[in-house]
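Novice: In my numbering, the protein residues as written are 1311 to 1491.
One structure, pasted below without further comment.
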Ligand SMILES: Cc1cc2nc3c(=O)[nH]c(=O)nc-3n(C[C@H](O)[C@H](O)[C@H](O)COP(=O)(O)O)c2cc1C
């Protein structure tokens, strides 16, 4: 056991602790003033069914932050378990993340990475101060599931992971909560 409740938070240890919360991996993408932008995020999450809202957060020192703030439409794509290379490509700062990828667009005009599990089409809803990150809440205007039943790429403790191919039991009260499905 490691108990850090009485000490000032050490950034590395705090990060390691938060890394124990497993997530999927998504790529956010948009075109702003003729420039295609994209970034890998693990901060994507569902928020609200009515209205349909999702969120992600972007580091204040991210090259793309001013462009994400200016975007009037964007896409959020969930990556499949085979897409580690694509995740790494969109996690490189700035540069030509889209070079060599086939041109593909969501219904709202946002560029899309290849071979994704699902994409959401979004428009900005609200932004919030998130300390060294900015929190973006987006309204979902449409979505497409490209590969029903395909398995997602996971991120846990600073490493990519894959789902074990055996199902666990259902979570309780799955009619009540958006965050249990
Ligand atoms: C698995 C994974 C998850 C990430 N999640 C986030 C995130 O939620 N927010 C963020 O700001 N950066 C995240 N990053 C880092 C960004 O992808 C990276 O900083 C990228 O360079 C940002 O693009 P930009 O600098 O061109 O704006 C993540 C990277 C990886 C590999």
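C-beta: ideal position from N, C-alpha, C; glycine also.
For residue 1418, report the span of its beta strand (DSSP E) as first-last.
Specialist: Residue 1418 -> no beta strand (DSSP E), and no H or E assigned at all.
Novice: Along the beta strand (DSSP E) that carries residue 1376, what are the first and last residues, could you check?
Specialist: Per DSSP, residue 1376 belongs to no beta strand (DSSP E); it is in the alpha helix (DSSP H), 1375-1380.
Novice: Considering just the uninterrupted stretch of the alpha helix (DSSP H) at residue 1398, what are its terminal residues?
Specialist: That run of the alpha helix (DSSP H) goes 1394-1399.
Novice: Pull the bridge partners of residue 1495 from the DSSP assignment, please.
Specialist: With the chain covering only 1311 through 1491, there is no way to say anything about residue 1495.
Novice: Going by beta-carbon coordinates alone, are residue 1373 and residue 1416 separated by less than 7 Å?
Specialist: No. Outside cutoff.
Novice: By alpha-carbon positions, which one of 1336, 1386, 1330 and 1442 ends up nearest to residue 1451?
Specialist: Among 1336, 1386, 1330 and 1442, the Cα nearest to that of residue 1451 belongs to 1386.
Novice: If contact is defined by three or more beta carbon pairs under 8 Å, each pair taking one atom from either stretch, is the segment 1388-1407 in contact with the segment 1359-1370?
Specialist: Judged by Cβ distances under 8 Å, the segment 1359-1370 makes no contact with the segment 1388-1407, as fewer than three pairs qualify.
Novice: Rounded to the nearest angstrom, what separates residue 1438 and residue 1444 at their Cα positions?
Specialist: The straight-line gap from Cα to Cα measures roughly 6 Å.
Novice: Using alpha carbons as the reference points, say which of 1327, 1376, 1321 and 1389 lies closest to residue 1351.
Specialist: Comparing Cα-Cα distances from residue 1351 to each of 1327, 1376, 1321 and 1389, the minimum goes to 1389.
Novice: Hey, would you say the C-beta of residue 1466 is under 6 Å away from at least one heavy atom of ligand 1?
Specialist: No, since every heavy atom of ligand 1 falls outside the 6 Å radius drawn around the Cβ of residue 1466.
Novice: Determine the DSSP secondary structure at residue 1323, reduced to helix, strand or coil.
Specialist: Residue state, collapsed to three classes: helix.
Novice: Using alpha carbons as the reference points, say which of 1346, 1365, 1341 and 1327 lies closest to residue 1409.
Specialist: Per the Cα distances, 1346.
Novice: For residue 1461, which of helix, strand or coil comes out of DSSP?
Specialist: Note: residue 1461 maps to coil in three-state DSSP.
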